[in-house]
Structure formats: C-alpha cells, structure tokens
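Below is one structure, written out as structure tokens; the observations come after it.
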Amino acid sequence: MKTLRTTFLAICLSLVTASAGYSQNHYQPTPENLEARRQLVNDRFGIFLHWGIYASYAQGEWYLQLGGLNKDEYAHAATAFYPAGYNAEEWVKAFKDAGAGYVTITSRHHDGFSMFDTKASDYNIVKATPWGKDVMRDLADACHKEGLSLQFYYSILDWIREDYPLGESGHNTGRKGDHPDYDHYLGFMKQQVKELMTQYAPVRALWFDGYWDHKRDSIPFNWKMPEFYEYIHSVDPACLIGNNHHIQPIEGEDFQMFERDLPGQNTAGYSEGQMVSDKLPLEMCQTMNHTWGYSVKDRDYKTAAQLIGTLAKAVSMNTNLLLNIGPRADGRLPEAALSLLKEIGQWMKVNGESIKGCGPGPIAEQEWGVSTAPLTGGKTFYIHVLQNPGAVLEIPVAKKAKVKSVTALYDGTALSVKKVGENLFITLPADLPAEDYVISVTMK
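Going from the sequence shown to the working numbering is simple: count from 1 and add 134.
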C-alpha cells in the first residue's frame, strides 16, 4: 500500500512542480505561477458560465452562426439586453455552497460581444446595452469577497470583426472577410486580456477557445500563441493560461483542458489524438444539460448523481471538473441548475474531503467506482461507490497492509471489514444512496 501511495503522490505532485509539457522547453513559470497551479489543482471543482447577449435569443451560444442571422440583426439583442435579475453575490453564494472553488465566465464569446468594460471596442455591455453596467466588476468583487478564484473565458475567434481571418465558422454573419489583418487582431486581443487581468485582479487564469477554427486550413494558420502567451505572462506572470484547442499543449500554457471528456477519452469527438500531459494540471469541462449558453428548449439536465460521479472520476484521474451553467438574459440562473447546485452542495458538505485537495487513489477504476486520496499523502484514501456492487465490496490491497478503520462519510458509520490475502471485503448497508457513496479507508 505504501508503495502504491508513494507512486500516486509523486505523479500528482509532478503536475504542479514541473515547468513544462511536451513542447514547452523554454517557458519557465514563476513561483507565483506554480502556486496558482497548486491552488487550481486543490480546488478540483469549478463553475463555468456562458453568458452573453445570445441569452436573449435563448437558443444557445452559437445562435449567430446557426440561427440564420447576420451580425447587424443579431446586435439588436444588445439594445434590449437588461439583466435586471442579476445578482453576483447570489450567484457566488450558490457556487460556494455547491463546493466550487473557482468561477470561469465568458468575457467574450465567438459573437464578438464583450461582457466587460473595455476600451478596445464599443461593442460591450457598458456602451452597447441599456443596462450600461459592468457585470464582471460585480462578479469579480463577489468572488474576491467569498474567496472563489476568478477566471475568464476568452474567444480568440470572432464572427463579426473584419480583421479576424475567416476560418471554418462565421461565414454567414454578414462579414465581408476580404481584409483580414491578424497582427491587428492580435493587438486587439492583447489589449483586452490586459484589461481583464488588471481591471478585475486578481485573475487566476485565462481560458481560451476558438483555436480549432483554422484546423483545416490548407496552409497552417499561425495563431502566434507563444507571442500571445509571453505577453500575458509579462503582464501577470502568475496568471495561468489554458487553451481549448484539442491538441497537445503549446509552449506557455499552464494547464490542459478537455471538452466534455475525461483525459484519454474521446466520447464527444473533440479529443482524437490529444495526448494527456503528465506535467500540467488537467481540467475537463462539461455541461449540466447540452448547450453551453442558455437554451429555453434544452431541459435535458443530467442528474446530481451523474454529475457527482463525473466529479469523482475526474479527481481519480487527477483532473478538475469545470461544470457549466448558462444564465438567462434576465441575469438569473435557471431553476434546474440551482437545484442541481444545491444537491451537489449537500453531497460536498459531507464528502468534500474526498474531492478537495485530492487526486488518484491507490485502486484503479473498478466496475463499482473509483478511488481518491489526499495529494499531501498519508494513510487514508477514499472509495467512491458509483455502482452498487451488492452486499459486499471487494477491493485490492497490498498483502501486508493492515487496516486501521473503514468509515462511511455519509453518516460516520464504521463499516464491517475483513481482510483475506490481498483483498478487503467491506460490508455495505442495504440502502446505499443514489449518488456517490464514499468510504474512508485508513491503513495502519
């Protein structure tokens, strides 16, 4: 058992102490950056928010592309955007009560509308809407007050700007697309990310999306990401950088992300050939229902048990879960999302010690579930029973291992356990809860 735990701990610690992944041979993160990575890993659970003027159409975040509108028609949503029900403190309280440690929100999506106070474009929530207020200021203040780390999603593709070179998407938005100027566009992005990092500081991470827009170009497109990343780290060396590009990490990135999949899986079709870094913190993002932005038609929400199971599996693979919600145009969170947050929070209040600050446990994934263990080491690990195995749970342990205690976190009950050879046989209660049933195992 000690050998297994030592191996797993070494793997986990390497994610936050190593400075590079794959091609990252020159970028040297600062001590402050490495500390931010450690904090990200320890949080394990974050909330993703896709909120923009697309919420007014209630058809998801890709409505400009998929809805048959041109950019001028679409922009009418800005002239009516008035989120009178928005209360950042209520949002953050709901996230904190759910056990989340950080919030990542769309500062600008592919539709090009900036949800923050920016001088780089008048097409923003302060200047282009009757609301006229900076919603990001309120959210940043609430996060900082409650101790949640703030992170910004930022789209590096744009469906309306003429200086952005057309890629796979954005062809039906009314753009001419005949005068692309990526250097000018890169300058625009640099100005905006600097505003985000300085106006709402501290900002722990920038979460980029859209790199895939040029993946099928006949001549490989040069995004100049190393230059972009170097600029970001010159503004704030501690700010983490991640990019949802579906490829291996690029030099200058501080964590690796996976869309709708756990590392090494490709059920959603985005991660084909994507290698998993053994150097960088890992994160998967997933929706509560189907769309990222609010859709009035999308009522097919996952259950709390499913989402908790995904969280447990993620942690067992040394990965964070970034769980998405699409706020409504009025600034309120959907009732179904709030209900799920409450259920997750009730579970986390009892079982959070098996998630926060944890990583892979000593037992590989089994039919019944997974195991996690504190990243700091020790003699305790956690069994997450995701599928009912029957009256007795059998788990493998080292032949010479000795058990000190086996306890259900659910109610603190000491469970009956018998060791035979290299297996522990734990007697389970007849009425296992529908969600993840967590057992704390402490060895001598």
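We put the CB at the ideal spot given by N, CA and C, even for glycine. Just so we're clear, the structure is a prediction, and the values are computed from it rather than from any experiment.
Am I right that I366 and V327 are in contact with their C-beta atoms under 8 Å? What's the rounded C-beta distance? The count along the sequence shown starts at 1 and reaches residue 366 at position 232. The count along the sequence shown starts at 1 and reaches residue 327 at position 193. Contact holds; Cβ gap of about 6 Å.
Here's the rule: buried if 16 or more other CB atoms are within 10 angstroms of the residue's CB, otherwise exposed. What is K230? On the sequence shown, position 96 is the one that residue 230 refers to. With 16 or more Cβ atoms within 10 Å of its Cβ, K230 is classed as buried.
Evaluate contact between the region 505 to 515 and the region 249 to 269, counting only Cβ atoms and requiring at least three cross-stretch pairs below 8 Å. no
Work out the CA separation of R242 and E387 for me, nearest whole Å. Translated into positions along the sequence shown, residue 387 becomes position 253. Translated into positions along the sequence shown, residue 242 becomes position 108. Each residue's Cα considered, the two are about 20 Å apart.
For the region 376 to 401, which segments carrying the beta strand (DSSP E) assignment without a break, of at least 3 residues, lie completely within its bounds, in sequence order? 390 to 393
Can you tell me whether P415 is buried or exposed, with buried defined as 16 or more other CB within 10 angstroms of its CB? As a first step, residue 415 must be located in the sequence shown, where it is residue number 281. P415 comes out buried.
Quick check: the region 538 to 549 against the region 480 to 488, are there 3 or more CB pairs under 8 Å? yes
If you scan the region 294 to 378 from start to end, which runs of the alpha helix (DSSP H) of 4 or more residues do you find wholly inside it? 316 to 333, 359 to 369
In this structure, does DSSP put F559 in helix, strand or coil? Here residue 559 corresponds to residue number 425 of the sequence shown, with the count starting at 1. Note: F559 maps to strand in three-state DSSP.
Near A448, which residues of its chain fall below 7 Å by C-beta distance, leaving aside the five closest residues on each side in sequence? Here residue 448 refers to the residue found at position 314 of the sequence shown. Taken in chain order, the residues that qualify are L396, M418, N454, L455.
What residue range is occupied by the uninterrupted alpha helix (DSSP H) comprising I259? Translated into positions along the sequence shown, residue 259 becomes position 125. Segment: none, I259 is in no alpha helix (DSSP H) and carries neither H nor E.
Quick check on DSSP: helix, strand or coil for M577? On the sequence shown, position 443 is the one that residue 577 refers to. It is a strand residue.
The region 523 to 536 contacting the region 547 to 561, beta-carbon criterion three pairs below 8 Å: yes
Using a Cβ-Cβ cutoff of less than 7 Å, which residues in the same chain neighbour M451 once the five nearest sequence positions on both sides are dropped? Walking along the sequence shown from the start, residue 451 turns up at place 317. Cβ neighbours of M451 beyond the five flanking positions: L396, P397, P494.
Whole-angstrom C-beta distance between L291 and D347, which should lie under 8 Å: For this step, residue 347 is matched to residue 213 along the sequence shown. For this step, residue 291 is matched to residue 157 along the sequence shown. Their Cβ separation, rounded to whole angstroms, is 4 Å, which keeps D347 and L291 in contact under 8 Å.
Could you name each continuous alpha helix (DSSP H) segment of 4 residues or more that falls completely within the region 436 to 483, going from the start of the chain to the end? Counting whole runs of 4 or more residues, the region 436 to 483 contains the alpha helix (DSSP H) stretches 438 to 450.
By how many angstroms is the C-alpha of I442 removed from the C-alpha of S505? Numbered from 1 along the sequence shown, position 371 holds the residue referred to as residue 505. Numbered from 1 along the sequence shown, position 308 holds the residue referred to as residue 442. Roughly 14 Å between the two C-alpha positions.
8 Å Cβ shell around A438 - same chain, five flanking residues per side excluded: Along the sequence shown, one-based indexing puts residue 438 at 304. So the qualifying residues of the chain are L474, E477, I478, W481, E569.
Cβ contact (3+ pairs, closer than 8 Å) linking the region 322 to 339 and the region 363 to 378: yes
Does the Cβ of Q158 have 16 or more other Cβ atoms within 10 Å, making it buried, or fewer, making it exposed? For this step, residue 158 is matched to residue 24 along the sequence shown. Because the pLDDT at Q158 is just 47, under 50, the model does not fix this residue reliably, and the value given afterwards should be weighed accordingly. By the 10 Å Cβ count, Q158 comes out buried.
Considering just the uninterrupted stretch of the beta strand (DSSP E) at Y288, what are its terminal residues? In the sequence shown, counting from the first residue as 1, residue 288 sits at position 154. Its beta strand (DSSP E) spans residues 283 to 289.
Are three or more beta carbon pairs between the region 179 to 198 and the region 220 to 234 nearer than 8 Å? By the C-beta criterion, the region 179 to 198 is judged to be in contact with the region 220 to 234, since at least 3 inter-stretch pairs fall below 8 Å.
Below 6 Å CB to CB, which residues in the same chain sit around L174 once its five sequence neighbours on both sides are set aside? Here residue 174 corresponds to residue number 40 of the sequence shown, with the count starting at 1. Same-chain partners within the cutoff: P415.
Check each candidate in K490, T421, G465 and name the one with the smallest Cα separation from N458. Here residue 458 refers to the residue found at position 324 of the sequence shown. Shortest Cα-Cα distance from N458 to any of K490, T421, G465 involves T421.
Starting from K536, trace the beta strand (DSSP E) in both directions and tell me its first and last residue. Counting from 1 along the sequence shown, the entry for residue 536 is found at position 402. Note, K536: premise wrong, no beta strand (DSSP E); not H, not E.
Where H278 falls: helix, strand or coil (DSSP): Numbered from its first residue, the sequence shown carries residue 278 at position 144. In the three-state reduction of the DSSP assignment, H278 falls in the helix class.
Taking the alpha-carbon of D129 as reference, which of F322, D464, G301 has the nearest alpha-carbon? Past the edges of the chain, shown from 135 to 578, lies residue 129, and the structure says nothing about it.
Could you pull out every residue in the same chain whose Cβ sits closer than 8 Å to the Cβ of E166, ignoring the five residues on either side in sequence? For the purposes of this step, residue 166 is taken as the residue at position 32 of the sequence shown. P371, A372.
S190, DSSP secondary structure in three states: In the sequence shown, the residue the question calls residue 190 occupies position 56. Residue state, collapsed to three classes: helix.
What would DSSP say about Y208, mapped onto helix, strand or coil? Here residue 208 refers to the residue found at position 74 of the sequence shown. Three-state DSSP puts Y208 in a helix.
Could you tell me the boundaries of the alpha helix (DSSP H) in which F250 lies? Locating residue 250 in the sequence shown gives position 116, where the first residue counts as 1. Premise fails: F250 is in no alpha helix (DSSP H) and is neither H nor E.
Put R242 into one of helix, strand or coil per three-state DSSP. In the sequence shown, the residue the question calls residue 242 occupies position 108. R242 falls in the strand class under three-state DSSP.
Take F355 and list the residues in its own chain whose beta-carbon comes closer than 6 Å to its own, dropping the five residues that flank it on each side. Walking along the sequence shown from the start, residue 355 turns up at place 221. Correct list, in chain order: H348.
Exposed or buried, which one is I294 when buried takes at least 16 other CB atoms within 10 Å? The residue given as residue 294 occupies position 160 in the sequence shown. Buried, by the Cβ-count rule.
For K413, which of helix, strand or coil comes out of DSSP? Here residue 413 refers to the residue found at position 279 when the sequence shown is read from its first residue. Coil at K413, not helix or strand.
CB of A542 to nearest heavy atom of the ligand NAP: below 7 Å? The model on display carries no ligand, and the ligand NAP is accordingly not part of it.
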